[in-house]
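Sequences listed follow chains A and B, in order. Numbering-wise, my numbering puts 60 at position 60 of the first sequence, and it's gapless, one number per residue. Numbering-wise, my numbering puts 156 at position 156 of the second sequence, and it's gapless, one number per residue. Written below as structure tokens is the structure these notes are about.
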Amino acid sequence: MAKKPKPVPPPEVSPPPEIHEATLGDDGAVVRGGLITQVEAVARRQAGLDVVVCGANLTANRRLARDIEQAAGGSYVLHPPHPTAGTYSLPHYQPDPRPPNGHTFYETPNRKAF
Amino acid sequence: MRYFTPDLFARYNSADEAVADEADAEWEAALAAYRAHLDAVRGELPPPVRELAELCLHDAELLGDRPADPSVAVVMLSQQGSFVVLVYSLWEQVREQPAPPDWPFSKQRTHWLYDELDIARGAEGRFLHRVLLSDGRALEIPFRSVILRRIPAPQSGVPVRQSA
């Protein structure tokens with residue numbers, strides 16, 4: 001009797017990234033606040049404040065963070081975590097050149113907001 | 001730069017998602033390698049050099065880096081409401097690597113991106129400070145000693161005297 005083929009599990013789909021208000025904590029930590037929409041995130045960035053994109057998928061997080069920063073100001077640069085900013089620092093987009101102030105942070109597989 | 005190179009920084013910024021993902025992993029490896037390097041040499045650093053190694057100047061705006069004398073380099077920065085002045089006593093002249101020709105980032109309002117502290121091998125008491133700037137230049141400062149000063153910036157600025 002022929003063996004019944006095993007059902008193929010569906011590919012894992014990670015939920016879409018979330019955007020949160022953000023503030024800076026100790027040792028480079030990014031502290032996430034309330035959940036916000038993309039439109040609210042852009043407005044917050046235009047006001048020079050921080051936001052953070054949280055989620056499991058690095059590429060999706062980075063893409064969304066870039067979209068927010070681009071919508072907020074146009075030209076941007078991505079800064080990887082820096083060694084002296086603290087153990088918990090996150091990569092972030094910011095205007096290029098500054099001002100305005102603030103950052104659009106995002107999570108990576110190794111680095112999370114608090 | 002040995003760890004946080006202009007090339008890796010540019011690839012981290014790539015619009016090609018696969019290139020950027022790979023650069024993310026490379027950057028994490030560079031961070032770990034640099035921390036291991038610092039841990040290995042920390043005991044050989046005098047206190048001011050150790051303080052320099054731990055100082056976070058990321059995003060500080062460069063106000064000037066003109067050498068005052070062939071044996072002295074002065075770097076002035078503005079960071080979060082204060083001025084930072086670094087005075088290096090040099091054992092060789094500062095070396096400057098120009099920006100890569102395709103450097104895609106702004107060259108206005110140059111600021112400090114990443115730096116690395118190293119010991120010059122084969123010569124006791126000689127150090128190297130490598131700095132990647134936002135305009136793509138990389139500086140290598142060969143120094144014997146350094147003085148760090150942070151000065152609060154005036155709240156309302158300084159009035160400019162009109163010439164007669």
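Using N, Cα and C, we set each Cβ at its ideal position, and we do this for glycine too.
Under a CB-based cut-off of 8 angstroms, is B:D16 close to chain E?
Absence of chain E from the displayed structure is noted, the protein chains being A and B.
What residues from the region 106 to 121 of chain B come within 9 angstroms of chain A, judged by C-beta to C-beta, listed N to C?
If the cut-off is 9 angstroms between Cβ atoms, the region 106 to 121 of chain B has S106, K107, Q108, R109, T110, H111, L113, Y114, D115, E116 near chain A.
On the criterion of 16 or more Cβ atoms from any shown chain inside 10 Å, does A:R66 qualify as buried, or is it exposed?
Taking the first sequence and counting its residues from 1, one reaches residue 66 of chain A at position 66. A:R66 should be labelled buried.
With DSSP collapsed to three states, give me the class of B:E26.
Position 26 of the second sequence, counted from the first residue, corresponds to residue 26 of chain B. Here B:E26 sits in helix by DSSP.
Can you list, in chain order, the residues of its chain with a C-beta nearer than 6 angstroms to that of A:A72? Leave out the 5 residues immediately preceding and following it.
Here residue 72 of chain A refers to the residue found at position 72 when the first sequence is read from its first residue. Closer than 6 angstroms at the Cβ level, and outside the excluded window around A:A72, lie V42, R45, Q46.
Is there at least one Cβ from chain B nearer than 8 angstroms to A:R98's Cβ?
Start at 1 with the first residue of the first sequence, and residue 98 of chain A comes out as number 98. Answer yes: the Cβ-Cβ gap between A:R98 and chain B drops below 8 angstroms somewhere.
Could you say which of B:S134, B:R11, B:L128, B:S82 lies nearest to B:L38 if we only look at CA atoms?
Along the second sequence, one-based indexing puts residue 38 of chain B at 38. The shortest Cα separation from B:L38 among B:S134, B:R11, B:L128, B:S82 belongs to B:L128.
Under 8 angstroms by Cβ, that's how I've got A:P95 and A:H79 pegged, so tell me the actual separation to the nearest angstrom.
Looking up residue 95 of chain A in the first sequence gives position 95. Looking up residue 79 of chain A in the first sequence gives position 79. No, A:P95 and A:H79 are not in contact; Cβ-Cβ is about 11 angstroms, not under 8 angstroms.
From B:L133, B:S78, B:A99, B:L90, pick the residue whose C-alpha is nearest to that of B:D69; which is it?
By one-based count along the second sequence, residue 69 of chain B stands at place 69. Looking at the Cα atoms, B:L90 is the closest of the given residues.
Can you list, in chain order, the residues of its chain with a C-beta nearer than 6 angstroms to that of B:E92? Leave out the 5 residues immediately preceding and following it.
Position 92 of the second sequence, counting from 1, holds the residue named residue 92 of chain B. Only P142 meet the Cβ criterion.
According to the neighbour-count rule (16 or more other Cβ atoms, all chains shown, within 10 Å of its Cβ), is A:S89 buried or exposed?
Stepping through the first sequence from its first residue, residue 89 of chain A is reached at position 89. With 16 or more Cβ atoms within 10 Å of its Cβ, A:S89 is classed as buried.
Does B:W27 have its Cβ less than 8 angstroms from a Cβ in chain A?
Counting from one through the second sequence, the residue named residue 27 of chain B turns up at place 27. True, the Cβ-Cβ gap to chain A drops below 8 angstroms.
Quick one: is B:E22 near chain A, going by C-beta distance under 8 angstroms?
Mapped onto the second sequence, residue 22 of chain B falls at position 22. No, its Cβ sits nowhere closer than 8 angstroms to a Cβ of chain A.
Could you confirm whether any beta carbon from chain A is found closer than 8 angstroms to the beta carbon of B:Y12?
If you number the second sequence from 1, residue 12 of chain B lands on position 12. Answer yes: the Cβ-Cβ gap between B:Y12 and chain A drops below 8 angstroms somewhere.
A:N61 burial status per 10 Å Cβ neighbour count (16 or more: buried):
On the first sequence, residue 61 of chain A is found 61 positions in, with the first residue counted as 1. Under this definition A:N61 is a buried residue.
Between B:I151 and B:V87, how many whole angstroms is the CB-CB distance? I'm expecting something under 8 angstroms.
Stepping through the second sequence from its first residue, residue 151 of chain B is reached at position 151. Stepping through the second sequence from its first residue, residue 87 of chain B is reached at position 87. Contact doesn't hold; Cβ gap of about 13 angstroms is too wide.
Test: A:R62 CB closer than 8 angstroms to a CB of chain B:
Position 62 of the first sequence, counted from the start, is the residue given in the question as residue 62 of chain A. Yes, A:R62 lies at the interface with chain B (some Cβ there is under 8 angstroms from its Cβ).
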